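All remarks here apply to the structure that follows.
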Amino acid sequence: MDFTVPEKVQNVVLVEVLNLSDADQAAFTEAACTAWNNWATTNGKAVAGDLDTRYRNAAGPVCNKFARSALATIKKYAPDVPSATRELEKVAKKVWGTSMQKLETQATNSDCRQAYNAVKVGW
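Residue numbers for the sequence shown follow my numbering, so the first one is 1 and each next one is one higher.
See below:
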């Protein structure tokens, strides 16, 4: 199975993004978004392949497969992302950490609680 973002994760992250402060939203400049889009266009296939491989090799349940593979791939590629995107990265780290904390708190499965706890510090 290829990399999948669980629906619960999608919902929590979406709420976090929708609730970004004006200061956090200010990081989404044209220059930062252009730099990110150019990098993603060039590197997207490699990132997707890495995500898929890590996801397939991670232990279940799906929450663990998602959390572990996502963070490992982010850690691998984050150093190569253009410096013009650093303010976006700060926002992404904040959204990631807050989302993983909320998912850990909401999880009814102990494996999911452990997975979200293990990755909430981020990259």
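Glycine is no exception: its CB is placed at the ideal position from the N, C-alpha and C atoms. None of the values given here were measured: they were computed from a predicted structure.
Self-check item: Continuous alpha helix (DSSP H) stretch holding residue 100: start and end
Solution: In the sequence shown, counting from the first residue as 1, residue 100 sits at position 100. Start and end: 86-106.
Exercise. Could you tell me the boundaries of the alpha helix (DSSP H) in which residue 120 lies?
Key: As a position in the sequence shown, residue 120 is number 120, starting the count at 1. That residue, residue 120, is in no alpha helix (DSSP H); it is neither H nor E in DSSP.
Practice problem: Would you please state the rounded distance, in angstroms, between the beta carbons of residue 64 and residue 32? I believe it to be under 8 Å. | Solution: Position 64 of the sequence shown, counting from 1, holds the residue named residue 64. Position 32 of the sequence shown, counting from 1, holds the residue named residue 32. Contact doesn't hold; Cβ gap of about 32 Å is too wide.
Quiz item: Between the Cα of residue 52 and the Cα atoms of 98, 113, 86, 4, which residue gives the shortest distance?
Solution: One-based indexing of the sequence shown puts residue 52 at position 52. Closest by alpha carbon: 4.
Quiz prompt | Within the stretch 19-88, ranges of the alpha helix (DSSP H) (whole runs, at least 4 residues) | solution = 22-25, 30-57, 62-77
Quiz item: Do residue 24 and residue 81 have their C-beta atoms within less than 7 Å of each other?
Solution: Along the sequence shown, one-based indexing puts residue 24 at 24. Along the sequence shown, one-based indexing puts residue 81 at 81. Their beta carbons are not under 7 Å apart, which means residue 24 does not touch residue 81 by this criterion.
Quiz item: Taking the alpha-carbon positions, what's the residue 36 to residue 85 distance?
Solution: The residue you call residue 36 lines up with position 36 of the sequence shown. The residue you call residue 85 lines up with position 85 of the sequence shown. Cα to Cα, the separation comes out at about 6 Å.
Quiz item: In whole angstroms, what is the alpha-carbon distance linking residue 87 and residue 60?
Solution: Along the sequence shown, one-based indexing puts residue 87 at 87. Along the sequence shown, one-based indexing puts residue 60 at 60. Whole-angstrom Cα-Cα distance: 33 Å.
Exercise. Report buried or exposed for residue 70, applying the criterion of at least 16 other Cβ atoms within 10 angstroms of its Cβ.
Key: If you number the sequence shown from 1, residue 70 lands on position 70. With 16 or more Cβ atoms within 10 Å of its Cβ, residue 70 is classed as buried.
Quiz item: Relative to the alpha-carbon of residue 208, which residue among 13, 41, 89, 120 has its alpha-carbon at the smallest distance?
Solution: The requested residue 208 does not occur in the structure, where the chain is confined to residues 1 to 123.
Practice problem: Report the residue from 58, 112, 11 whose alpha carbon sits nearest the alpha carbon of residue 95. | Solution: As a first step, residue 95 is located in the sequence shown; it is residue number 95 there, counting from the start. With distances taken between Cα atoms, residue 95 lies closest to 11.
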